[in-house]
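This report refers to the structure that appears directly beneath it.
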Amino acid sequence: MAKEYSDKPLKCYSIVTKESEKEGFASDIHYARKIAKKNNFELNEIEVDVNIIEEFDKIIYHLDEPQADPAPINVLKICQQARQDGLKVLIGGTAGDDLFSGYRRHQALKYDWVYNTLPGPLGKGFRSLINGFDKENPKIRRIAKFSRGFGLSQNERMSTFFSWLDKDINHSLFSKGVKSAISKVHPEQYLIDRLGDIPNEKNWLNRLLYWEKCGFLPDHNLNYTDKMSMASGIEVRVPFLDQDLVNYACTIDPKLKLKGNEAKYILKKVGEKYLDKEVIYRPKTGFGAPIRSWIRFDLNDMIEEYLSESNLKNRGIFDYKEVRKLIDANKKGTIDASYSIWSLLAIESWNRQFLD
Numbered sequence: 064m065a066k067e068y069s070d071k072p073l074k075c076y077s078i079v080t081k082e083s084e085k086e087g088f089a090s091d092i093h094y095a096r097k098i099a100k101k102n103n104f105e106l107n108e109i110e111v112d113v114n115i116i117e118e119f120d121k122i123i124y125h126l127d128e129p130q131a132d133p134a135p136i137n138v139l140k141i142c143q144q145a146r147q148d149g150l151k152v153l154i155g156g157t158a159g160d161d162l163f164s165g166y167r168r169h170q171a172l173k174y175d176w177v178y179n180t181l182p183g184p185l186g187k188g189f190r191s192l193i194n195g196f197d198k199e200n201p202k203i204r205r206i207a208k209f210s211r212g213f214g215l216s217q218n219e220r221m222s223t224f225f226s227w228l229d230k231d232i233n234h235s236l237f238s239k240g241v242k243s244a245i246s247k248v249h250p251e252q253y254l255i256d257r258l259g260d261i262p263n264e265k266n267w268l269n270r271l272l273y274w275e276k277c278g279f280l281p282d283h284n285l286n287y288t289d290k291m292s293m294a295s296g297i298e299v300r301v302p303f304l305d306q307d308l309v310n311y312a313c314t315i316d317p318k319l320k321l322k323g324n325e326a327k328y329i330l331k332k333v334g335e336k337y338l339d340k341e342v343i344y345r346p347k348t349g350f351g352a353p354i355r356s357w358i359r360f361d362l363n364d365m366i367e368e369y370l371s372e373s374n375l376k377n378r379g380i381f382d383y384k385e386v387r388k389l390i391d392a393n394k395k396g397t398i399d400a401s402y403s404i405w406s407l408l409a410i411e412s413w414n415r416q417f418l419d
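So this note's numbering is basically just the index in the sequence shown, starting at one, shifted up by 63.
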């Protein structure tokens, strides 16, 4: 793109967030600056902090659904700045992880043997033990999430990689009436049923990548990217979703996508032609925000207002005592529920704007 657009510096945008290490992700702004300097790009650094919560309701309005993720904030901020800079089109990297295997849940596959090695009682004992540790540590959070798979079938186990909360805890948050209505609703079944579309596919990495392509990619990443960009008058185009590339990527041996513990292996090998190895082989960076810090320390006023006892009782959707218990446990670090609390805030925001 830089070769084609050589008459003036190419404008690029990158997010800067504080406390990203607490979320378990390393900041990548150092690498963005390095690439920009080497290629004479004009790098625009967009800082995202807790003050963006002033736009929380606006974001839910444009999403048109209570999507629970801070990433839309990043897209909105980038697109607002790009539009102010006179741009109408941006190029995004969405789908690289979904086509070529870039998520940590894919890397967790290599530890699948642990489930078969530890008998049921030992697995459950390990799960209870790890749940007693402080979830502020990213490694503990990942191990705790991994431990939820003990005692489940492989299909059910793999589907837990896509959920934030234990199903029983999630279910307990609802009011009695709603619990009864959703007693036979099993969200993970959507993913399990999708495997019927690819009955001859036995490789579990390919199965996970299929789940990404029919679930997480269109319903999550592409959803907020499209809505937040269009809300700013910007069109984000996604080269990784070129139909020929997608079709070809589906034929590549999964061993070339995840090699050992190296995610997106074949994509990184191609990248060596254009980028320094320091840039390619760096720690995984999420396109998120320090949501755990925000929920635990910065958003108390918003949580107390949106998730107050009177408010939740009037709505009739959630059980206030259970929600309160979740909030308190999250503050103490005994459970990792910040994304779930963000979800509750998003649902309340959506109710206020579209129902009230």
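We treat Cβ as the ideally placed atom computed from N, Cα and C, and that holds for glycine.
Because the structure is a prediction, the values reported are computed rather than measured.
Pairwise C-alpha distance: residue j and residue i
i	j	result
F237	I380	6 Å
G183	R387	32 Å
L73	R345	24 Å
K121	P281	22 Å
V248	A409	21 Å
S292	V301	12 Å
G188	H169	25 Å
L330	S295	31 Å
W274	I398	27 Å
M221	V333	29 Å
S90	N374	38 Å
E325	R205	18 Å
N377	Q217	40 Å
Y311	I366	46 Å
Proximity of residue i and residue j at Cβ, strictly below 8 Å
i	j	result
Y76	I109	yes
Y178	G186	yes
P201	W413	no
Q306	I123	no
I297	K66	no
A131	S406	yes
F225	L181	no
Y94	V342	yes
I136	V111	yes
Residues near residue i in its chain [Cβ-Cβ closer than 7 Å; skip 5 each side]
i	result
D361	V113
N288	Rather than Asn, the amino acid found at residue 288 in this sequence is Thr. Cβ within range, chain order: V138, G155, T157 and V299.
H234	K242
Supposed contact pair residue j and residue i - C-beta distance, whole angstroms, cut 8 Å
i	j	result
K322	Y328	4 Å
F209	A244	No, F209 and A244 are not in contact; Cβ-Cβ is about 31 Å, not under 8 Å.
K320	L258	Between L258 and K320 the Cβ distance is about 19 Å, and since that is not below 8 Å, they are no contact.
Contacting residues, own chain, Cβ-Cβ under 6 Å from residue i (five flanking each side not counted)
i	result
L304	A158
K394	R359
L254	S222 and W274
Contacts around residue i, its chain only, beta-carbon distance under 8 Å, and the 5 residues preceding and following it disregarded
i	result
F104	A65, P72, L73, K74, C75 and I98
Completely contained beta strand (DSSP E) runs for the stretch 241-285, where each covers 3 or more residues: none
Alpha helix (DSSP H) segments (min. 4 residues) lying fully within the stretch 301-357: 306-312, 328-334 and 340-343
Unbroken stretches of the alpha helix (DSSP H), 4 residues or longer, contained in the stretch 91-163: 92-102, 119-126, 134-147 and 159-163
Start-end ranges of the alpha helix (DSSP H) lying completely within the stretch 162-215, minimum 4 residues: 167-170, 176-180, 183-193 and 201-210
4-residue-minimum alpha helix (DSSP H) runs that sit fully inside the stretch 374-401, ordered along the chain: Those alpha helix (DSSP H) runs which fall completely within the stretch 374-401 and span 4+ residues are 383-395.
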